[in-house]
Amino acid sequence: MPELPEVETVRRGLEPALQGARILNVELRRPDLRFPLPEDFAERLTGRTIISLGRRAKYLLADLDDGMTVIMHLGMSGSFRVEREGEIASVPGDFHHERAKTAAHDHVVLHLSNGFRVTYNDPRRFGFMDLTARAELGEHASFKGLGIEPLGNELDAQSLAALFKGRQAPLKAALLDQRLIAGLGNIYVCEALNMAGLSPKRKAGTIARKDGSPTVSAVRLAEDIRTVLQQAIQAGGSSLRDHKLTDGSLGYFQHHFRVYDREGETCPTSGCGGMVRRIVQSGRSTFYCPRCQK
Ligand SMILES: [Zn+2]
Numbered sequence: 002m003p004e005l006p007e008v009e010t011v012r013r014g015l016e017p018a019l020q021g022a023r024i025l026n027v028e029l030r031r032p033d034l035r036f037p038l039p040e041d042f043a044e045r046l047t048g049r050t051i052i053s054l055g056r057r058a059k060y061l062l063a064d065l066d067d068g069m070t071v072i073m074h075l076g077m078s079g080s081f082r083v084e085r086e087g088e089i090a091s092v093p094g095d096f097h098h099e100r101a102k103t104a105a106h107d108h109v110v111l112h113l114s115n116g117f118r119v120t121y122n123d124p125r126r127f128g129f130m131d132l133t134a135r136a137e138l139g140e141h142a143s144f145k146g147l148g149i150e151p152l153g154n155e156l157d158a159q160s161l162a163a164l165f166k167g168r169q170a171p172l173k174a175a176l177l178d179q180r181l182i183a184g185l186g187n188i189y190v191c192e193a194l195n196m197a198g199l200s201p202k203r204k205a206g207t208i209a210r211k212d213g214s215p216t217v218s219a220v221r222l223a224e225d226i227r228t229v230l231q232q233a234i235q236a237g238g239s240s241l242r243d244h245k246l247t248d249g250s251l252g253y254f255q256h257h258f259r260v261y262d263r264e265g266e267t268c269p270t271s272g273c274g275g276m277v278r279r280i281v282q283s284g285r286s287t288f289y290c291p292r293c294q295k
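In the working numbering, the protein residues as written are 2 to 295.
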């Protein structure tokens, strides 16, 4: 499952091809992905201009010039391929899985006025596309009740403290709760907690004071969540540039993980010297350093 930095990397990779382009023609090679494609999807997109390509949590949002928005989710194995004059220009975000080589999995193809062709490929078809009025996006099933955006301005020490105040759940579980913060996944929660020196097991409410104001821990955590996400996006960006020199999966994160999937290795926190441990919380692996994460 791509995490938020990967989706943001895909967005940045697609933006030059999609933004400002008019959709000349849409090929739908099948009627459904994870869900049926919207009724008359191709007809409704044809002739429209894409004003901007945004992102909310792990959803890509293409705003059209008629007030509609195309919602796109990559699922487990979805990827986009950008081609121009028959040449592959880029495969943004392809680093997280084997390059989908077979054209049998090319499900949606957009032919654009700028000469680009953007193809959505998805071998397992857990991804989906939908069309909704921009003004009603907040009411869409995928966005209703979704928490704050971790890379947006909403996430800071104050908002974290307000969201977590009084919560008895472990800090890690609260950070993964999509109703509180949207799009933060297991990997980056582990990374941010290590960087902030906070135990994944402590109660979420402990980063807020009784009056709901943030503790020093909340200040650190808010800052480190943004830092680990930004660093991953930077790394994704560089792998994107290198992509043509490699064959498929770069696994770009592995080299940058602090604790994730590093059980038994030395904690990266300077002066700590502890060892990374793996525990299971709510059925998912948590990697952390018991020595410096309190
Ligand atoms: Zn440590």
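The beta carbon of each residue, even a glycine, is placed where N, CA and C say it ideally should be.
Asked, Found
"Give a yes or no on contact between the stretch 202-209 and the stretch 167-184, applying the rule of three or more CB pairs nearer than 8 Å.", "yes"
"Kindly confirm or deny that the stretch 146-156 and the stretch 173-192 touch, where touching means at least three C-beta pairs closer than 8 Å.", "yes"
"Looking at the structure shown, is ASP157 part of a helix, part of a strand, or coil, going by DSSP?", "coil"
"Closer than 7 Å to a non-hydrogen atom of ligand 1 - does that hold for the CB of GLY116?", "no"
"Looking only at its chain, what residues have a beta carbon closer than 6 Å to the beta carbon of ALA18, apart from the 5 residues adjacent to it on each side?", "VAL83, PHE117 and VAL119"
"Quick check: what's the CA-CA separation for MET276 versus LEU111?", "49 Å"
"If GLY128 and LEU34 are in contact, beta carbons under 8 Å, what's the gap, nearest whole angstrom?", "5 Å"
"On a Cα-Cα basis, can you pick out the residue from GLU266, TYR189, GLU28 and TYR261 that is closest to ALA43?", "GLU28"
"Which whole-angstrom value is the C-beta distance of VAL8 and LEU65, which I expect to be below 8 Å?", "VAL8 to LEU65, Cβ: 20 Å. No contact."
"Less than 7 Å between the CB of THR270 and some heavy atom of ligand 1, yes or no?", "yes"
"Please report the straight-line C-alpha distance between ASN154 and GLY55, rounded to a whole angstrom.", "15 Å"
"DSSP on GLU266, reduced to helix/strand/coil?", "coil"
"Since I believe LEU113 is in contact with ILE226 (beta carbons under 8 Å), could you give me their beta-carbon distance rounded to a whole number of angstroms?", "About 35 Å; that fails the 8 Å criterion."
"What are the boundary residues of the alpha helix (DSSP H) that ARG45 is part of?", "42-46"
"Determine whether the beta carbon atoms of GLN282 and PRO215 lie at a separation below 8 Å.", "no"
"May I ask you to list the residues that DSSP assigns as paired with ARG23?", "THR50"
"Starting from the C-beta of TYR121, find all residues in its chain whose C-beta is less than 7 Å away, skip the five residues before and the five after it, and write them out in chain order.", "GLY79, PHE81, HIS108 and VAL109"
"So what does VAL109 bridge to, in DSSP terms?", "LEU29 and TYR121"
"Identify the residues that DSSP records as bridge partners of PRO37: which are they?", "ASP33"
"To the nearest angstrom, how far is it from the Cα of GLN231 to the Cα of PRO6?", "8 Å"
"Would you mind working out which of SER271, ARG31 and ARG45 sits nearest THR1, comparing C-alpha positions?", "Limits of the chain in this structure are 2 at one end and 295 at the other, which puts residue 1 out of reach."
"Tell me the DSSP secondary structure of ASP225 in three-state form.", "helix"
"Report the three-state DSSP secondary structure of TYR261 (helix, strand or coil).", "coil"
"Please name the residue, chosen from ALA136, ARG125 and LEU152, that lies closest to MET77 on a Cα-to-Cα basis.", "ARG125"
"Return the Cβ separation of THR10 and GLY237 in integer angstroms, given the expectation that the two are a contact with Cβ distance under 8 Å.", "3 Å"
"How about ARG263: is its Cβ closer than 7 Å to a heavy atom in ligand 1?", "no"
"Is LYS173 near LEU152, with beta carbons less than 8 Å apart?", "no"
"Tell me the DSSP secondary structure of VAL281 in three-state form.", "strand"
"Taking only three categories from DSSP, how would you classify SER91?", "strand"
"Quick check: the Cα distance between GLN294 and VAL260, rounded to an integer number of angstroms?", "12 Å"
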